[in-house]
Amino acid sequence: MGEIISGKELSKEVREEVRLEVESLKATYGAVPHLVVVLVGNDPASESYVKAKKRACLKAGMESTIIRKESDITEEELLDIIINLNNDKGVHGILVQLPIPKHINENKIIDAILIEKDVDGFHPLNVAYMHLGRPCILPATPKGIMTMLKSKNIELKGKDALIIGRSNLVGKPAAMLLMGQHATVTIAHSRTQNLKEKCLQADIIVAAVGRAHTVTKDMVKPGAIIIDVGVNRVDGKLIGDCDFNDLKDITSFITPVPGGVGPMTIASLLQNTIECFKGIVQK
Ligand code: NAP
Numbered sequence: 017m018g019e020i021i022s023g024k025e026l027s028k029e030v031r032e033e034v035r036l037e038v039e040s041l042k043a044t045y046g047a048v049p050h051l052v053v054v055l056v057g058n059d060p061a062s063e064s065y066v067k068a069k070k071r072a073c074l075k076a077g078m079e080s081t082i083i084r085k086e087s088d089i090t091e092e093e094l095l096d097i098i099i100n101l102n103n104d105k106g107v108h109g110i111l112v113q114l115p116i117p118k119h120i121n122e123n124k125i126i127d128a129i130l131i132e133k134d135v136d137g138f139h140p141l142n143v144a145y146m147h148l149g150r151p152c153i154l155p156a157t158p159k160g161i162m163t164m165l166k167s168k169n170i171e172l173k174g175k176d177a178l179i180i181g182r183s184n185l186v187g188k189p190a191a192m193l194l195m196g197q198h199a200t201v202t203i204a205h206s207r208t209q210n211l212k213e214k215c216l217q218a219d220i221i222v223a224a225v226g227r228a229h230t231v232t233k234d235m236v237k238p239g240a241i242i243i244d245v246g247v248n249r250v251d252g253k254l255i256g257d258c259d260f261n262d263l264k265d266i267t268s269f270i271t272p273v274p275g276g277v278g279p280m281t282i283a284s285l286l287q288n289t290i291e292c293f294k295g296i297v298q299k
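If you read the sequence shown in this note's numbering, its first letter stands for residue 17, the second for the next number, and so on.
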């Protein structure tokens, strides 16, 4: 049976490391990292993500503030909020919870965040640095995936990795990070042909599709590694993009849903907030 990479367990370790580092930063600088999350509208999923982020910050000894705005806020008003946060020396990380209402240009908002405070790693300059392999803030979900692989000392060099999904949030950055560790990367998407054949060739599959059971047992070669990013609600239950129950017996490592990539995303966000803090206070 394959080994389960528990994001739930690993994230506890990462969060404890973060907590200790926050204590030490407080002793050195007399201040702790402060993450501000801007939430526009009242989407229930966004609301619960934002609350989970705040809870995690507070548990790690960091400061966290949620700025809530109604969905009819104008683009200019939201930009003003970002500019004020950019200029506020007591704020080290800024995160605008996506999605934001359609009448606001998402790119304008992301571009307005000071790169030093861009905890999500979505600013185009951060993305460019990641592509160039230069120091930068990495997006939390792909960063969490890499931490999971590293925690099991999984050798990536020369491995064939298939990423299913090409979003800017997950698929593309995951591909860059795996390539950076010398994997040979293929990216599949909704127009990809012969997905099954491509899956069967892969040593590592990262599924970030958002469609339950996209990857099934007949598509995976024995001993492969499965990282399941997908979160799908089916009959009131959360399940991933991969058929975990069938796959866990033939894979060498597999991540569950829930309790896999999700908790690692939050743990990585905490690490990013510390990185932003250090970048700012050490300037
Ligand atoms: P997204 O922006 O909707 O991207 C989905 C990708 O899957 C697209 O590239 C799409 O292709 C591709 N796709 C759709 N149907 C496909 C199919 N039948 N075969 C192959 N590829 C297909 O989603 P996302 O933001 O990357 O998120 C993906 C999933 O991960 C979602 O379930 C999301 O909830 C979850 N997620 C989880 C976390 C976490 O922390 N656990 C974080 C982020 C996202 P096209 O580009 O051609 O449309």
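Ideal Cβ placement from N, Cα and C applies to all residues, glycine included.
- Only residues of its own chain outside the window of five on either side were considered, and among them Ser62, Glu63, Val66, Ile82, Ile83, Arg84, Lys85 and Gln113 have a CB closer than 8 Å to the CB of Leu55, listed in chain order.
- For the pair Met195 and Val201, the Cα-to-Cα distance works out to about 6 Å.
- For Glu79, the enclosing beta strand (DSSP E) starts and ends at Glu79 to Lys85.
- By the neighbour-count criterion, in which a residue is buried when 16 or more other Cβ atoms sit within 10 angstroms of its Cβ, Ala191 is buried.
- If you check the CB distance, Ala218 and Leu211 do not come in under 7 Å.
- The Cβ atoms of Ala228 and Val245 lie no closer than 7 Å to each other.
- Here the C-alpha atom of Glu79 lies approximately 14 Å from the C-alpha atom of Asp104.
- A Cβ-Cβ separation of about 18 Å leaves Ile290 out of contact with Ala68 under the 8 Å criterion.
- For Leu178, the beta-bridge partners assigned by DSSP are Thr202 and Ile221.
- Taking 8 Å as the upper bound for CB-CB distance, Leu95 and Ile125 are in contact here, some 7 Å apart.
- The beta carbon of Ile161 lies closer than 8 Å to those of Ala190, Leu193, Val222, Ile243, Val245, Val277 and Met280 in the same chain, with the five residues before and after it left out.
- The beta-carbon distance between Ile241 and Phe269, rounded to whole angstroms, is 5 Å. This is short enough to meet the 8 Å contact definition.
- If you draw a straight line from the Cα of Ala43 to the Cα of Leu36, it is about 11 Å long.
- Leaving aside the five residues that flank Pro274 on each side, the residues in its chain whose CB is nearer than 6 Å to its CB run, in chain order, Leu254.
- Leu26 sits away from Ser206, with the two beta carbons spaced by 7 Å or more.
- Counting only runs of 3 or more residues that sit fully inside the region 57-116, the beta strand (DSSP E) segments are 79-85 and 109-112, in chain order.
- Going by C-alpha positions, Glu91 is about 28 Å away from Met146.
- Distances between the C-beta of Ile296 and the heavy atoms of ligand 1 are all 6 Å or more.
- Restricting attention to Ile98, Gln197, Glu32 and Val34, the CA atom closest to the CA of Leu165 is found in Gln197.
- Around the beta carbon of Asp257, a 10 Å sphere encloses 16 or more other beta carbons of the protein chains shown; the residue is thus reported as buried.
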